[in-house]
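The block underneath contains the structure these notes are about, expressed in structure tokens.
Protein chains: 2
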Amino acid sequence: MTAEIQAWLPELLRALRPNQVTQSPSVLDTHSHDESYHTPHRPDAVVFPESTLDVVRIMEVSAKYGVPVVPFGVGSALEGHVVPVKGGITIDTMRMNKILDIRPDDFLVKVEPGVTRVQLNDALRKYGLFFPVDPGANASLGGMAATNASGTTTVRYGAMRDNVRSLTVVLADGSVIQTASLAAKSSSGYNLTGLFVGSEGTLGVFTEVWLKLVGIPEYTVAGRAIFGSVADAVKASTAMVGSGLSLSRVELVSDVYIETFNRIEGTDFAVKPTLFLEFGGTRGSVESSIAMASEIAEDEGCVGWTAVDDPADRARLWTVRHEAAHTFMKQFPGYGHMATDVCVPLSELPDAVHHAMELLREHGVHGGIIGHVGDGNFHLSLAVRRDNEDDMTRASAVNSELVKHAISVGGTCTGEHGVGLGKRKYQALEHGKALDVMRAIKAALDPDDRLNPGKLVDA
Amino acid sequence: MTAEIQAWLPELLRALRPNQVTQSPSVLDTHSHDESYHTPHRPDAVVFPESTLDVVRIMEVSAKYGVPVVPFGVGSALEGHVVPVKGGITIDTMRMNKILDIRPDDFLVKVEPGVTRVQLNDALRKYGLFFPVDPGANASLGGMAATNASGTTTVRYGAMRDNVRSLTVVLADGSVIQTASLAAKSSSGYNLTGLFVGSEGTLGVFTEVWLKLVGIPEYTVAGRAIFGSVADAVKASTAMVGSGLSLSRVELVSDVYIETFNRIEGTDFAVKPTLFLEFGGTRGSVESSIAMASEIAEDEGCVGWTAVDDPADRARLWTVRHEAAHTFMKQFPGYGHMATDVCVPLSELPDAVHHAMELLREHGVHGGIIGHVGDGNFHLSLAVRRDNEDDMTRASAVNSELVKHAISVGGTCTGEHGVGLGKRKYQALEHGKALDVMRAIKAALDPDDRLNPGKLVDA
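Just so you know, the sequences run in chain order A and B. Quick note: the first sequence uses my numbering, first residue 10, plus one each step. Quick note: the second sequence uses my numbering, first residue 10, plus one each step.
Structure follows, in structure tokens:
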């Protein structure tokens, strides 16, 4: 233990109860990494606050001794967001896991940041409501807010930023703010909620999150549309989005995944680019949406169309999509997964996907494409041996070329995974002088650079 | 002309063409006020930039001589936003009125800030697309972005903040930034777009605005539902919003407006609280939505229901709503209009509306209620003689009580009109310590306080 740590640790122990602070090596290890390929780094201590006041006390110690803090949810981040690259205190929100206030008449719920997505939706079911953002992982809602997470339902319901009404945030100096009122809309003051959502722990620590809720649709149908080419599938998806259908998901799965799935799972799905669709709403709206969607698909050269409404059939239909990356990786035992995450304007998507497939071939990297094509966001799942320098070099080259192409056509280096450590090097290219504005905001709100230092704007 | 102005005016004239700068008294007068009751104040000069570069040159003069600048669209603001309370330069964007780039496949359009809402929708019609935010007035899109404007369609499509993809902004020092890429979603960097939208000219001057577009619905139906009480009408509205219907507008008009309309226009509409509705989508979704909406209305005690799809009939049905404030004011020749603008959580709306009606009685002020009830936002139209101190005192008391009530139940002092001069005094009450964060951001981006000084966070 360094002299520095010897100074602040006793004060942290006094500020909290003994079982809220640990330096156990295994706990430090758990908090040294997320699910990404980035190099782990241990914090000096991990704390488990149980209230906003606990977080205030932690931030006061941080302020007094200049100790870095890193908020931590379930550790499912994909770009090294929670790696405490400068050590210090990791604030694990796992004990802040209460659903504090369900207000069905306001379509709002207040949760602590450690509540997970599945936990929340289980509690909401009896009200006929749900929280629609679905990044796949059963992430914590605080973490999802911190990275502006999104996913398959974003084409209909938006990303986290669209679905957080207000945040309670503990700032660098330990003061506590509410970022907004509970009104459905407001033109009062600057939009702090939108600024803190996606700030990745670099501006403050979230201790309460008010989320918007929506009604569970009366009727839901899942569909699958098979195309001769990725370009046709993307054109169909764009036309469906433009037609204002009751579309709640539209996902592209490239043929390489389907081929793998067939081989490993013994299925015989057509090995072609496939759109996985979901429609939700009143029965009438869903039925007319499906009719229109199948017409659009046919116009764009769809060679196979299925639609099912039974819940079990729907789940089965979506399996290939849900298991795509997982099944793909089964082919490569001992390999790790590197996920790319660009998002481009819709009109650029066919070219961007084509370019991505060329990159895989060119650099000899194993990978496939999954796309949230309604939003122009797609991922390559790259299979890499993390300790193999050549693998990492080639995969990083693919990622880098992909990002540069996306930015050159008006897109972004990250559609939903966030910046963390992995996308810092592209911030200047993507944002230009706007990065200086972001840095000015960071400097104004965290002048000592204690809040998740080394991330996001620290490029 | 003061010595101060004598210093910067020649430089401004050199930076622009002569016909871009004026001190004509009538032009200064036009730019001394908006549509509100706030005390006018003249700028020292009005400039008419024609490009981003012109605005850069203006900001460079502003920076060199410390001259305040106030951006100005069409002057339809309702809280004194464009009143140059400290003089200086008003930047009128009327010549920046070009639609620069329509991208139907991306559902995006790039406009200069002086383009108006109606101008844009006229140009978009042939693509089957429209820009959905509708504040009533034919405002400039730059002004709408600056105040985070919204209106009758917000229940379906959101406010300006939800519909601006990216902004080109000239900052206080004359540097130019792009706030975001054109990707439909991004987790890259801080959300500058959302921060600048609603910043009311206090953080930078917008010179280009990328807006999101949506498809014109295949089928549209207008409806009217009459209720025995405001509480019943609001309950029905909330239930409709929660059911995920294809609802594109849901507006409450209180009986006082309907009574006035009948009296002045010779109509015989039922003098009761009335919901004006619009449904849009595929024919199937609209038809099933109407069936469900009328059932919900009936459950909540609806005493009269009409639905029409012919465009002329729809326009006629909506007349009472569109003309409500205007017709109401006809009763009070010589009186001006003061609009209140609170927004509360939906569950608080019946109480808030009841409380508002009590306030009108208690303070003896002429007024009626119009509500964007799907969002919890409602306006009182107060008839006041602006030069009558007693009128102004009583109307201001109503406004102030209304705001305090809204904030006390988790609402906001302004749902869509913005802060400007009129809502500054409530910023501390609404935002608490978050106001310090807003001020820190303002100080970081405009350290000399030259961008629309005396507004918003200057409370």
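Glycine included, each C-beta is placed from N, C-alpha and C at the ideal position.
Query	Result
Please work out which residues of its chain come closer than 8 angstroms, Cβ to Cβ, to B/Pro354, disregarding the five sequence neighbours upstream and downstream, and give them in chain order.	Gly385, Val418, Gly419, Gly420
Could you check how far apart the C-beta atoms of B/Val78 and B/Val214 are, in whole angstroms? I think they sit under 8 angstroms.	7 angstroms
Would you say B/Gly377 reaches chain A, if we count a Cβ-Cβ gap shorter than 8 angstroms as a contact?	no
Quick check on the DSSP output: the beta strand (DSSP E) that includes B/Thr229 runs from which residue to which?	228 to 236
Against chain B, does A/Gly237 count as a neighbour if the rule is that its beta carbon must be under 8 angstroms from one of theirs?	no
Check the C-beta distance from B/Glu84 over to B/Thr102 and give it rounded, since I have them as a contact under 8 angstroms.	The sequence as given places Gly at residue 84 of chain B; Glu does not occur at that position. 11 angstroms between Cβ atoms; not a contact.
Under DSSP, the alpha helix (DSSP H) around B/Asp43 begins and ends at which residues?	From DSSP, B/Asp43 is part of no alpha helix (DSSP H); its letter is neither H nor E.
Quick check on this structure: which residue in A/Asn271, A/Leu133, A/Met105 has the alpha carbon closest to the alpha carbon of A/Val124?	A/Met105
What are the residues of the segment 298 to 323 of chain A that lie near chain B, defined by any Cβ-Cβ distance shorter than 9 angstroms?	Ser298, Ala300, Met301
Here's the rule I'm using: 16 or more other beta-carbon atoms within 10 Å means buried, otherwise exposed. How should A/Thr291 be labelled?	buried
Is there a Cβ of chain A sitting closer than 8 angstroms to that of B/Ser246, yes or no?	no
With DSSP run on the structure shown, which of helix, strand or coil describes B/Thr31?	strand
Short of 9 angstroms Cβ to Cβ, which residues in the segment 414 to 446 of chain A face chain B?	Ala415, Ile416, Val418, Gly419, Gly420, Thr421, Cys422, Thr423, Gly424, Glu425, His426, Gly427, Val428, Lys432, Tyr435, Gln436, Glu439, His440, Gly441, Lys442, Ala443, Leu444, Asp445, Val446
Should A/Leu109 be labelled buried (16 or more other beta-carbon atoms within 10 Å of its own) or exposed?	exposed
Closest to B/Gly377 by C-alpha separation, out of B/His42, B/Ser60, B/Leu368, B/Leu391, would be which residue?	B/Leu391
Span of the beta strand (DSSP E) holding B/Leu391?	386 to 393
Do you know how far the Cα of A/Tyr46 is from the Cα of B/Thr229?	51 angstroms
Hey, does A/Tyr199 have any beta-carbon neighbour from chain B nearer than 8 angstroms?	yes
Short of 7 angstroms in beta carbon distance, which residues of its chain neighbour A/His42, apart from the five on each side in sequence? Order them along the chain.	Pro49, Val92
Listed from N- to C-terminal order along the chain, which residues in the segment 352 to 377 of chain A have their beta-carbon within a distance smaller than 7 angstroms of any beta-carbon of chain B?	Cys352, Val353, Pro354, Leu355, Ser356
Buried or exposed: A/Pro27, going by 16 or more other Cβ atoms within 10 Å of its Cβ?	exposed
At the 8 angstroms Cβ level, is B/Ile450 part of the contact set with chain A, yes or no?	yes
Quick check on the DSSP output: the beta strand (DSSP E) that includes B/Met338 runs from which residue to which?	Unbroken run through B/Met338 is the alpha helix (DSSP H), 320 to 339; no beta strand (DSSP E).
Residues in the same chain with beta-carbon distance under 6 angstroms from A/Val239, minus the five sequence neighbours each way, listed in chain order, please.	Pro282, Val362
Suppose only complete runs of 3+ residues qualify. What are the beta strand (DSSP E) ranges in the segment 178 to 221 of chain A, listed by chain order?	185 to 187, 214 to 221
Rounded to the nearest angstrom, what separates A/Ile267 and A/Val223 at their Cα positions?	33 angstroms
Which of the three DSSP states, helix, strand or coil, is assigned to A/Met68?	helix
Quick one: list the residues of chain B neighbouring A/Leu261, beta-carbon separation under 9 angstroms, in chain order.	Result: empty, since nearest Cβ-Cβ is about 15 angstroms, beyond 9 angstroms.
Does the Cβ of B/Glu371 have 16 or more other Cβ atoms within 10 Å, making it buried, or fewer, making it exposed?	exposed
Counting only Cβ pairs nearer than 7 angstroms, list the residues of chain B close to A/Lys194.	Ser159, Thr163, Ala168, Cys352, Asp384, Asn386, Gly424, Glu425
Can you determine whether any heavy atom of the ligand ATP sits closer than 7 angstroms to the C-beta of A/Thr102, and answer yes or no?	Absence of the ligand ATP from the depicted structure is noted, as is the absence of any ligand whatsoever, leaving it without description.
Would A/Phe285 pass as a contact of A/Trp327 if the rule is Cβ separation under 8 angstroms?	yes
Who are the near neighbours of B/Gly4 in its chain, counting only those whose CB is closer than 7 angstroms to its CB and skipping five residues on each side?	Residue 4 of chain B lies beyond the stretch modelled for chain B, which goes from 10 to 468, so this question has no answer here.
Considering just the uninterrupted stretch of the alpha helix (DSSP H) at A/Ala155, what are its terminal residues?	150 to 156
If we require 4 or more residues per run, which alpha helix (DSSP H) segments fall completely within the segment 109 to 152 of chain A?	126 to 133
Go ahead and pull the three-state DSSP assignment for B/Ile225.	coil
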